[in-house]
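What follows is a set of notes on a single structure, which appears directly below.
2 protein chains.
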Amino acid sequence: MEEKLFKAFKALGEPTRLKIIKMLSVQSMCVCELSAVLDMTQPRVSQHLKILKEAGLVNESKEGYWVYHSLNRESLHRLWNQFLAFLDADLRNLEGYEEELQKLSGLESNEKVIATKEKIRANNT
Amino acid sequence: MEEKLFKAFKALGEPTRLKIIKMLSVQSMCVCELSAVLDMTQPRVSQHLKILKEAGLVNESKEGYWVYHSLNRESLHRLWNQFLAFLDADLRNLEGYEEELQKLSGLESNEKVIATKEKIRANNT
DNA sequence: AGGCTATATAAGCATATGCTTATATAGTTT
DNA sequence: AAACTATATAAGCATATGCTTATATAGCCT
Numbered sequence: 007m008e009e010k011l012f013k014a015f016k017a018l019g020e021p022t023r024l025k026i027i028k029m030l031s032v033q034s035m036c037v038c039e040l041s042a043v044l045d046m047t048q049p050r051v052s053q054h055l056k057i058l059k060e061a062g063l064v065n066e067s068k069e070g071y072w073v074y075h076s077l078n079r080e081s082l083h084r085l086w087n088q089f090l091a092f093l094d095a096d097l098r099n100l101e102g103y104e105e106e107l108q109k110l111s112g113l114e115s116n117e118k119v120i121a122t123k124e125k126i127r128a129n130n131t
Numbered sequence: 007m008e009e010k011l012f013k014a015f016k017a018l019g020e021p022t023r024l025k026i027i028k029m030l031s032v033q034s035m036c037v038c039e040l041s042a043v044l045d046m047t048q049p050r051v052s053q054h055l056k057i058l059k060e061a062g063l064v065n066e067s068k069e070g071y072w073v074y075h076s077l078n079r080e081s082l083h084r085l086w087n088q089f090l091a092f093l094d095a096d097l098r099n100l101e102g103y104e105e106e107l108q109k110l111s112g113l114e115s116n117e118k119v120i121a122t123k124e125k126i127r128a129n130n131t
């Protein structure tokens, strides 16, 4: 889950790819069209599209020797929903948070720290 | 607009930061607590928090010498709404797409290409 | 003031990323 | 088959990123 999330966000977190996504939001395009419209070299566009496809954000369909790319809006919404679900999830229901869960419950048991905090709070009022 | 968008996504597109965000979704924490719970060095946590703060995703409040960090859920929703607005926006309303807009309208005027495409389509049916 | 505690920042390093140029692959047309 | 178009992939390079260790800064306490 987290793997997919951060890869998708990473794919979105790059200016060139955001531009490509914006262009694809206007209309589906093949690599050469994107390359022409954005005034970028073809390999540059290809490489970014690969990343976007791997993140599931862009679909492709071949037509002759053109490869048309379209924005997968469905997957965008799914991404955000999964992210919100991730944020709302109880730690006990997430993989890989066993240690964190345990250490989190031990956090407030340090009496010395608690005392210090209370003092500071008292001083601030 | 785009600048903010891709920086926020970039901030989210990193596993350590996603973990930090998840922990902050459970409760506000200071650096030392995050450091302890996630079992990471303090500078590592500090540096990531800085990025998250710069992206506006995390708020901080000082309490004694502790600096408490909390997830800014409001800004998360704003981020997504702005992203959707960016996708829906007409190119004419976006900064920095003047060239693209022009080249896009010129795309379909290449008759040779259009002819080729039509032939291919005909052959494929 | 001096000694704590927590946090921020800096320096250095290894790896990742984005780009370019060059080349390979796939499909189309003649 | 040969030439052509579009795309993918590879190699190489410069910069960015994430981490560690070391050090500086800031706030609190005795």
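Sequence lines, in order, name chains D and H.
Throughout the first sequence, residue numbering follows our numbering, covering 7 to 131 in sequence.
Throughout the second sequence, residue numbering follows our numbering, covering 7 to 131 in sequence.
By construction, the Cβ of each residue, glycine as well, lies at the ideal position given by its N, Cα and C atoms.
Per DSSP, residue 101 of chain D lies in no beta strand (DSSP E) and is assigned neither H nor E.
Exclusion of the five residues before and after residue 30 of chain D leaves 64, 75, 76, 77 as the residues of its chain whose Cβ lies within less than 7 Å of its Cβ. For residue 78 of chain D, there is no enclosing beta strand (DSSP E), as DSSP marks it with neither H nor E. In this structure, DSSP gives residue 67 of chain D an extended state, which the three-state scheme calls strand. By the CB criterion at 8 Å, residue 18 of chain D and residue 24 of chain D fall inside the cutoff.
Under the 10 Å beta carbon count, residue 54 of chain H is surrounded by 16 or more other beta carbons and is classified as buried. Put simply, the backbone Cα of residue 49 of chain H is about 51 Å away from that of residue 113 of chain H. Across the stretch 31-50 of chain H, CB contacts with chain D closer than 7 Å involve 31, 32, 39, 42, 43, 44, 45, in sequence order along the chain. The beta-carbon distance between residue 92 of chain D and residue 13 of chain H, rounded to whole angstroms, is 20 Å. This is too long to meet the 8 Å contact definition. Contact of residue 62 of chain D with chain H by beta-carbon distance below 7 Å is absent, the smallest such distance being about 14 Å.
A direct Cα-to-Cα measurement between residue 85 of chain H and residue 79 of chain H gives close to 10 Å.
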